[in-house]
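Engineer:
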Amino acid sequence: MKTIFLDHVRNKLALHKLRGGDGQPLLILHGLGEQSPSAVPISLEQWGGPVFALDFTGHGQSSVPLAGGYTCEALMSDADAVLAELGPLTLMGYGLGGYVGLLLFGSRPKEINGLIIADGPGLDGGGDKPTSPQLLHVKATDLNGSTPDPWALAELASDVRPRDYAADHVRQIETLAGLDVAIVVGSLGRPAWLSEIMTSPVVTDGDVGVGLSTFSRS
Amino acid sequence: MTSTEVDTVRSRLPEAKRPERSRRVDVGGIEVAVVEWGREEDQPVALAHGGFDFAGTWDLFAPLLADAGFRVVAWDQRGHGDSDVAALYTWEADIRDAAYVIDSLETKDPVPVLGHSKGGGMMNQLAEVLPHRVRAVINLDGIPNKRGFNTQIDRSDTQALEAELSGWLDHRRRAGQASRRADSIDGLAERRQLMNPRLSMDWLRYLVTVGAKQDPDGWRWKIDPTLRFGPSGAWRPEWAIPRLRGLRVPYLGVIGTVKEEMGWGTTPEEAFPILPDGAEFHALADTGHFVHIERPGDIAALVADFLRRVL
Numbered sequence: 006m007k008t009i010f011l012d013h014v015r016n017k018l019a020l021h022k023l024r025g026g027d028g029q030p031l032l033i034l035h036g037l038g039e040q041s042p043s044a045v046p047i048s049l050e051q052w053g054g055p056v057f058a059l060d061f062t063g064h065g066q067s068s069v070p071l072a073g074g075y076t077c078e079a080l081m082s083d084a085d086a087v088l089a090e091l092g093p094l095t096l097m098g099y100g101l102g103g104y105v106g107l108l109l110f111g112s113r114p115k116e117i118n119g120l121i122i123a124d125g126p127g128l129d130g131g132g133d134k135p136t137s138p139q140l141l142h143v144k145a146t147d148l149n150g151s152t153p154d155p156w157a158l159a160e161l162a163s164d165v166r167p168r169d170y171a172a173d174h175v176r177q178i179e180t181l182a183g184l185d186v187a188i189v190v191g192s193l194g195r196p197a198w199l200s201e202i203m204t205s206p207v208v209t210d211g212d213v214g215v216g217l218s219t220f221s222r223s
Numbered sequence: 002m003t004s005t006e007v008d009t010v011r012s013r014l015p016e017a018k019r020p021e022r023s024r025r026v027d028v029g030g031i032e033v034a035v036v037e038w039g040r041e042e043d044q045p046v047a048l049a050h051g052g053f054d055f056a057g058t059w060d061l062f063a064p065l066l067a068d069a070g071f072r073v074v075a076w077d078q079r080g081h082g083d084s085d086v087a088a089l090y091t092w093e094a095d096i097r098d099a100a101y102v103i104d105s106l107e108t109k110d111p112v113p114v115l116g117h118s119k120g121g122g123m124m125n126q127l128a129e130v131l132p133h134r135v136r137a138v139i140n141l142d143g144i145p146n147k148r149g150f151n152t153q154i155d156r157s158d159t160q161a162l163e164a165e166l167s168g169w170l171d172h173r174r175r176a177g178q179a180s181r182r183a184d185s186i187d188g189l190a191e192r193r194q195l196m197n198p199r200l201s202m203d204w205l206r207y208l209v210t211v212g213a214k215q216d217p218d219g220w221r222w223k224i225d226p227t228l229r230f231g232p233s234g235a236w237r238p239e240w241a242i243p244r245l246r247g248l249r250v251p252y253l254g255v256i257g258t259v260k261e262e263m264g265w266g267t268t269p270e271e272a273f274p275i276l277p278d279g280a281e282f283h284a285l286a287d288t289g290h291f292v293h294i295e296r297p298g299d300i301a302a303l304v305a306d307f308l309r310r311v312l
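From first to last, the protein sequence lines are chains A and B. Heads up: take any position in the first sequence, counting from 1, add 5, and you land on the numbering used here. Heads up: take any position in the second sequence, counting from 1, add 1, and you land on the numbering used here.
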């Protein structure tokens, strides 16, 4: 495994090359509180091209910002930094990484070849409707610069993911990506944002293997 | 000489007064700059500025409120004015920072809070999440409406949404190396007037001397160059409406009725029904979004009178 660091806004992002090779890259986006795997997972070995994995801000070997402020949009921007580095790619998102993958795909619909969504921590976020707002608190003694950043765990477990927001993004993909199948959903978990996008003609049920073979061909 | 240039600009606006005290408050790893006008033993009032503003935008209003017998406390939000820049920004983090500033007053008594525009929305939410720490809310042209901001795009317009979303990401790709454009005092004032068309050039030049720094190649706004409007994100303005209606603290709402790009565009007909029971409400004719800058004397009198009655 080779790791490079991308300077992105004020963060340093660890991008791991798990496997080299020719062809279209697969980028793994981990779940909330997780980090990149150190080798290509068995379930992804069938992918024909190179495999990369990103540590989101505050996770794994990426830098830990001071005083929190996490949003899924900021993490989408982390993944966009990889897109700038590697060019068009396919996304494999676990939990939170699946939702971030949807946001990035909806924002860069012409540069993503496909997205596979699998179960993982942070798939639900804070639900699809706002609940009573709270003042999140993290113990100062827990803020020691290690990952995962406690602010990431707190803030990204409570972000609201409305159905219409997810629908906006999948509509962008439907309209602009030019793909018959753009997203393969292999998760058992189906939070509201995910149920919402299942109604799109470019989103299909399937397991990770189906997703890999679908996007390998495209 | 620079000091002469600054003195000349500020001398044209003698009623604007810089704060009497300043300090820094740790908000969990970064610091925000806190400033105060008025006697320390007077009743504190905390002021939250609007988006892309800074505490210096209170320099006309705050001294008048201090003269009326209040300890006026304001701060630069993270990334704004003299506060530290952050790696990440959110609405919730801004509200946490506000709570740190109120804690720094070292009083267990709840404190009246006042916010303009975004700061008004923040203070609405602060009063909901910390009702025991907020004695009253004064909201200056920061009352939400169902339509959202004046600049909000139609999200069903695929091309417009693509431009907004990819535009924000493009900005983030460049933001690490970005710096604000250097210019003369007049140049920065003229650019700001595009977004603040009702404010005088004398005031906007004054703001440059407060909210910008002088580098060898010119003046630059201090605000973090990584900050940018948008994307509108998942948040929906209608979420804030029932919460506002549910506040139980004394509430004063003020709106300007002349629509401006930086404003929320909430009409009196939209605003009044969503305010808390018993709220006072003033819709100001011939006044734009920056009510406290256009009419500092009127607003200070209104606020001082309200606070004297409800505290």
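Just so it is clear, CB atoms sit at the ideal spot from N, CA and C, and this is done for glycine as well. From a predicted model like this one, the values you see are computed outputs, not experimental measurements.
What residues from chain B crowd round residue 48 (chain A), counting only those whose CB sits closer than 7 Å?
Structural biologist: In chain order: nothing, as chain B lies at least about 29 Å away.
Engineer: Quick one: is residue 170 (chain B) near chain A, going by C-beta distance under 7 Å?
Structural biologist: Closer than 7 Å to some Cβ of chain A, the Cβ of residue 170 (chain B) qualifies, so yes.
Engineer: Which whole-angstrom value describes the C-beta separation of residue 106 (chain B) and residue 112 (chain B), a residue pair presumed to lie in contact below a C-beta threshold of 8 Å?
Structural biologist: Right, the Cβ-Cβ distance comes to about 6 Å (below 8 Å), so this counts as a contact.
Engineer: Answer with buried or exposed for residue 101 (chain A), where buried requires no fewer than 16 other C-beta atoms within 10 angstroms of its C-beta.
Structural biologist: Buried.
Engineer: I'd like to know whether the C-beta atoms of residue 41 (chain A) and residue 60 (chain A) end up nearer to each other than 7 Å.
Structural biologist: A contact, by the Cβ cut-off of 7 Å.
Engineer: Measuring CB to CB, does residue 123 (chain B) end up less than 7 Å from residue 34 (chain B)?
Structural biologist: Not a contact, by the Cβ cut-off of 7 Å.
Engineer: For the segment 134 to 145 of chain A, which residues have a beta carbon sitting closer than 9 Å to at least one beta carbon of chain B?
Structural biologist: Listed by position along the chain: 134, 135, 137, 138, 139, 140, 141, 142, 143, 145.
Engineer: Taking residue 64 (chain A) and residue 21 (chain A) to be in contact with their CB atoms under 8 Å, please state how far apart those CB atoms are, rounded to whole angstroms.
Structural biologist: Not confirmed; about 12 Å, so no contact.
Engineer: Does the separation of the CB atoms of residue 198 (chain A) and residue 176 (chain A) fall below 7 Å?
Structural biologist: Their beta carbons are not under 7 Å apart, which means residue 198 (chain A) does not touch residue 176 (chain A) by this criterion.
Engineer: Counting contacts by CB-CB distance shorter than 7 Å, is residue 9 (chain A) in contact with chain B?
Structural biologist: No, residue 9 (chain A) lies away from the interface with chain B (no Cβ there is under 7 Å from its Cβ).
Engineer: Helix or strand or just coil, what does DSSP make of residue 248 (chain B)?
Structural biologist: Of the three classes helix, strand and coil, the one that applies to residue 248 (chain B) here is coil, per DSSP.
Engineer: Check whether the segment 82 to 94 of chain A touches the segment 106 to 116 of chain A, taking contact to mean three or more Cβ pairs, one atom from each stretch, closer than 8 Å.
Structural biologist: Yes: at least three Cβ pairs fall under 8 Å.
Engineer: Going by CA-CA distance only, name the one from A:45, A:107, A:162, A:46 that's closest to residue 201 (chain A).
Structural biologist: Closest option to residue 201 (chain A), Cα to Cα, is A:107.
Engineer: Is residue 8 (chain A) helix, strand or coil by DSSP?
Structural biologist: Strand, per DSSP.
Engineer: What does residue 13 (chain A) touch in chain B if you count any residue whose Cβ is under 9 Å from its own?
Structural biologist: 173, 174, 176, 177, listed in chain order.
Engineer: In chain B, what lies closer than 9 Å to residue 153 (chain A) by C-beta?
Structural biologist: By Cβ distance, chain B contributes nothing, its closest Cβ being about 14 Å from residue 153 (chain A), past 9 Å.
Engineer: Taking 7 Å as the threshold (beta carbon to beta carbon), is residue 2 (chain B) in contact with chain A?
Structural biologist: With a pLDDT of only 44 at residue 2 (chain B), under the threshold of 50, the placement of this residue in the model should not be trusted; the figure read from the coordinates follows. Answer no: the Cβ-Cβ gap between residue 2 (chain B) and chain A never drops below 7 Å.
Engineer: Mind checking if residue 126 (chain B) is an interface residue toward chain A, Cβ cutoff 7 Å exclusive?
Structural biologist: Residue 126 (chain B) counts as touching chain A.
Engineer: Under 7 Å between beta-carbons, which chain B residues line up against residue 173 (chain A)? List them in chain order, please.
Structural biologist: Ordered by position in chain B, the residues that pass the 7 Å Cβ test against residue 173 (chain A) are 156, 162.
Engineer: Would a C-beta distance cut-off of 7 Å place residue 216 (chain A) and residue 160 (chain A) closer than the cut-off?
Structural biologist: Contact: no.
Engineer: On a CA-only basis, which of B:52, B:18, B:11 is nearest residue 262 (chain B)? Give me that one, please.
Structural biologist: Of B:52, B:18, B:11, the residue nearest in Cα terms is B:52.
Engineer: Specify the secondary structure class of residue 85 (chain B) as computed by DSSP and reduced to three states.
Structural biologist: Of the three classes helix, strand and coil, the one that applies to residue 85 (chain B) here is coil, per DSSP.
Engineer: Using C-beta distances below 7 Å, list every residue in its chain close to residue 213 (chain B), excluding the 5 sequence neighbours before and after it, in chain order.
Structural biologist: Within the same chain, residue 213 (chain B) has close Cβ partners 189, 220, 221, 222, 223.
Engineer: When you check each C-beta in the segment 227 to 242 of chain B against every C-beta of chain A, which residues fall closer than 8 Å?
Structural biologist: Within the segment 227 to 242 of chain B, the qualifying residues are 227, 232, 234, 235, 236, 237, 240.
Engineer: Is the beta carbon of residue 138 (chain B) within less than 6 Å of some heavy atom of the ligand ATP?
Structural biologist: In the structure shown, the ligand ATP is absent, as is every other ligand, since no ligand is present at all.
Engineer: Going by the CB atoms, is the gap between residue 264 (chain B) and residue 293 (chain B) shorter than 7 Å?
Structural biologist: Result no, Cβ atoms of residue 293 (chain B) and residue 264 (chain B) do not sit closer than 7 Å.
Engineer: Which residues in chain B sit within 7 Å of residue 2 (chain A), going by Cβ to Cβ distance?
Structural biologist: There is no way to answer for residue 2 (chain A), as the model of chain A reaches only from 6 to 223.
Engineer: State whether the segment 122 to 133 of chain A contacts the segment 50 to 59 of chain A, with contact taken as three or more CB pairs (one from each stretch) at a distance under 8 Å.
Structural biologist: At 8 Å Cβ cutoff, the stretches do not touch.
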